[in-house]
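Numbering (UniProt numbering), first residue to last: 1 to 317.
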Amino acid sequence: FCIIRYFCVANCLFQLLLIKMAAERSKRCNAGNRMSKLIEEQVEDEDDEFYNTMYGGFNEDDDDGVYEAPEDQEEDFVDSDFSLSEHDDENNESGEDETKKVRKRVKPKVFKQPEVVHVKKPSVKKVNVTATSQEKRERMRLSTLTKSEALCKRQKETVMRNPRQMLTQMRRLTQQELLAEAKITAEKNLASLAQFLKLEEEKKHIKISKVRYQGPIIRYQSVRMPLDETNNEYCSRNFLEFTDTNNFPREYFPNSRKKYPAKSVCIVTGQPAKYKDPLTGLPYANIEAFKYIRQQRKRIHDDLFTKLEAKKKKKIL
């Protein structure tokens, strides 16, 4: 890659130098005659250099220490335009054309793929086995022949053991025999018909009772009814009827009725009680009932107290 870069830089410098010199020097009468030829040679050299260097042409060999030009190759000369001044160029225009030659670059060698060394495989000695294989084939032929003969013999034996049975030809019936057979079939048909009619009569008498559903039902009903008694206009009303609301969720059938507390009755007089004793919790209607409740409470309390005292005395004794 360094060599490629060097060639590219040298080429650019060479072209810039040519452009500068062409701009500074005065135009000659035969200027530009060989410029096209030089450019073509330069392009060809660059193309050859690119393809040769891309495939290993720039690799150095051991024998490439010193380059020696072949005997039949002409000697390279430097162009005199680069060493002479402008005045000398004007005087020596005729001599330049004869001595001017482009320095030929050394073309690198083309990359050659190394030769693949083929290793010879050791030869295997072939054993002559023709005699053994021939013997095996003969044995196989004999075995197949014997098996096929045995199979044919077995097939013949089976055919001899199971001869074909002679097909018995049916005797053609006479007219009397056909009439007798028709009489028997008619009796059988009559019996089957009577049995069929009997089954049909039994089916008619049997009543099929449909099982009625007894569970909750949602019934939909659409009715056409008058919108107003005075007018003749009609409207449609749709109804949903639920037979058992207790089994349905409460959220669909909320109980709008408020449960009022039961009316308390006086235990003494039987009248509606307006008051309630705080000690006993019993309702009463008037002051007489209140006094009676308190007297009964005191009496029960005294009886319990006397019983407890009697039990204590018994325990002490």
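Positions of the beta carbon are idealized from the N, C-alpha and C atoms, including for glycine.
Would you tell me roughly how many angstroms separate the C-alpha atoms of I287 and D244, rounded to the nearest one? Translated into the one-based positions of the sequence shown, residue 287 becomes position 287. Translated into the one-based positions of the sequence shown, residue 244 becomes position 244. Rounded to whole angstroms, I287 to D244 spans 50 Å at the Cα level.
Relative to the C-alpha of A285, which residue among Q295, K274, H205 is closest? Walking along the sequence shown from the start, residue 285 turns up at place 285. Of Q295, K274, H205, the residue nearest in Cα terms is K274.
For the segment 187–196 against the segment 215–224, do three or more pairs of beta-carbon atoms, one drawn from each stretch, fall closer than 8 Å, so that the two count as touching? No, they do not touch.
Tell me the DSSP bridge mates of M225? Within the sequence shown, residue 225 is the residue found at index 225, counting from 1. As DSSP reads the structure, M225 sits in a beta bridge with C235.
Within the continuous alpha helix (DSSP H) that includes I300, where are the two ends? Residue 300 sits at position 300 when you count from the first residue of the sequence shown. Note, I300: alpha helix (DSSP H), 287–316.
P283 beta carbon less than 9 Å from that of S264: Numbered from its first residue, the sequence shown carries residue 264 at position 264. Numbered from its first residue, the sequence shown carries residue 283 at position 283. Yes.
With DSSP as the reference, identify every bridge partner of P283, one or two as the case may be. Locating residue 283 in the sequence shown gives position 283, counting from the first residue. Residue pairing by DSSP places P283 opposite K276 in a beta bridge.
In whole angstroms, give me the CA-to-CA distance for T158 and E181. Taking the first residue of the sequence shown as position 1, residue 158 is located at position 158. Taking the first residue of the sequence shown as position 1, residue 181 is located at position 181. In this model, T158 and E181 are separated by some 43 Å (Cα to Cα).
Any idea if A191 is buried or exposed, counting beta-carbon neighbours within 10 angstroms, 16 or more meaning buried? Locating residue 191 in the sequence shown gives position 191, counting from the first residue. A residue is called buried once 16 or more other Cβ atoms fall within 10 Å of its Cβ, and A191, having fewer, is exposed.
Within the chosen definition, does the segment 236–243 reach the segment 266–273 through at least 3 CB pairs nearer than 8 Å? With a cut-off of 8 Å, the segment 266–273 and the segment 236–243 do not count as touching, because too few Cβ pairs lie within range.
Rounded to a whole number of angstroms, what is the C-alpha to C-alpha distance between H205 and N247? Walking along the sequence shown from the start, residue 205 turns up at place 205. Walking along the sequence shown from the start, residue 247 turns up at place 247. One C-alpha to the other measures close to 40 Å.
Cβ neighbours of K207 in the same chain (closer than 8 Å, five flanking residues each side left out): Counting from one through the sequence shown, the residue named residue 207 turns up at place 207. Correct list: empty, nothing qualifies.
Identified DSSP bridge partners for Y220: Taking the first residue of the sequence shown as 1, we reach residue 220 at position 220. DSSP output for Y220 lists L240 as bridge partner(s).
In the structure shown, what three-state DSSP assignment does V265 receive? Sequence index remark: in the sequence shown, residue 265 carries index 265 (1-based). V265 falls in the strand class under three-state DSSP.
Per-residue DSSP class, three states only, for P70: Here residue 70 corresponds to residue number 70 of the sequence shown, with the count starting at 1. Any reading at P70 is ruled out, since the residue's pLDDT is 49, under 50, leaving its predicted position unreliable.
Span separating the alpha-carbon of K307 from that of I300: What you label residue 307 is simply residue 307 of the sequence shown in a count that begins at 1. What you label residue 300 is simply residue 300 of the sequence shown in a count that begins at 1. Taking the straight line from one Cα to the other gives about 11 Å.
Neighbour-count burial assignment, I293, 16 or more Cβ in a 10 Å radius: On the sequence shown, residue 293 is found 293 positions in, with the first residue counted as 1. So I293 ends up on the buried side.
Option nearest K298 by Cα separation, candidates T280, A10, M160: Numbered from its first residue, the sequence shown carries residue 298 at position 298. In this structure, T280 is the residue among T280, A10, M160 with its C-alpha nearest to the C-alpha of K298.
Distance, R141 Cα to R161 Cα: Here residue 161 refers to the residue found at position 161 when the sequence shown is read from its first residue. Here residue 141 refers to the residue found at position 141 when the sequence shown is read from its first residue. Distance from the CA of R161 to the CA of R141, rounded to the nearest whole angstrom, comes to 31 Å.
First through last residue of the alpha helix (DSSP H) which encompasses K198: To locate residue 198, count along the sequence shown from 1; it is residue 198. Where K198 is concerned, the enclosing alpha helix (DSSP H) stretches over 175–205.
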